[in-house]
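Working notes for the structure below.
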Amino acid sequence: MNSHNPNQFRSGQFRAGYRRPEGQVAPRPIGGSTARTLTSESLFLGDFEIGIDHGGAMYRLKITRQGKLILNK
């Protein structure tokens, strides 16, 4: 289930400089996981695609029109 509305990205709510409102905390890890959790807003900063360099290979992480994430090599 999506935790955000993809229209928020288009409306500019998640543009560069967006900060979580004061007092709002990051979501808790699912299932008691100790993995570090990041929000998609903090990664994309208003963009719809980012590049990830992993071991010398470039990956693209994209937000679809339906608000889902796709990772391509």
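71 is the number that the working numbering gives the last residue of the sequence shown; the numbers go up by one with no jumps.
Where is the CB? At the ideal position from N, CA and C, for every residue including glycine.
Which stretch, first to last residue, makes up the alpha helix (DSSP H) that contains residue i?
{"i": "leucine 41", "result": "38 to 42"}
Could you have a look at residue i and say whether DSSP puts it in helix, strand or coil?
{"i": "glycine 49", "result": "strand"}
{"i": "phenylalanine 12", "result": "Low confidence applies to phenylalanine 12: its pLDDT is 46, below 50, so where it sits in the model is not reliable, and the reading given next is rough at best. Coil, per DSSP."}
{"i": "lysine 66", "result": "coil"}
{"i": "alanine 33", "result": "coil"}
{"i": "lysine 71", "result": "coil"}
Please state whether the Cβ-Cβ distance between residue i and residue j is less than 8 Å.
{"i": "phenylalanine 46", "j": "isoleucine 61", "result": "yes"}
Counting contacts by CB-CB distance shorter than 8 Å, is residue i in contact with chain B?
{"i": "leucine 41", "result": "In summary, chain B is missing from the structure at hand, where a single protein chain is found."}
Comparing C-alpha positions only, which one of the options sits nearest to residue i?
{"i": "arginine 58", "options": "Gly65, Ala33, Leu41, Gly49", "result": "Gly49"}
{"i": "methionine 56", "options": "Lys71, Gly44, Phe42", "result": "Lys71"}
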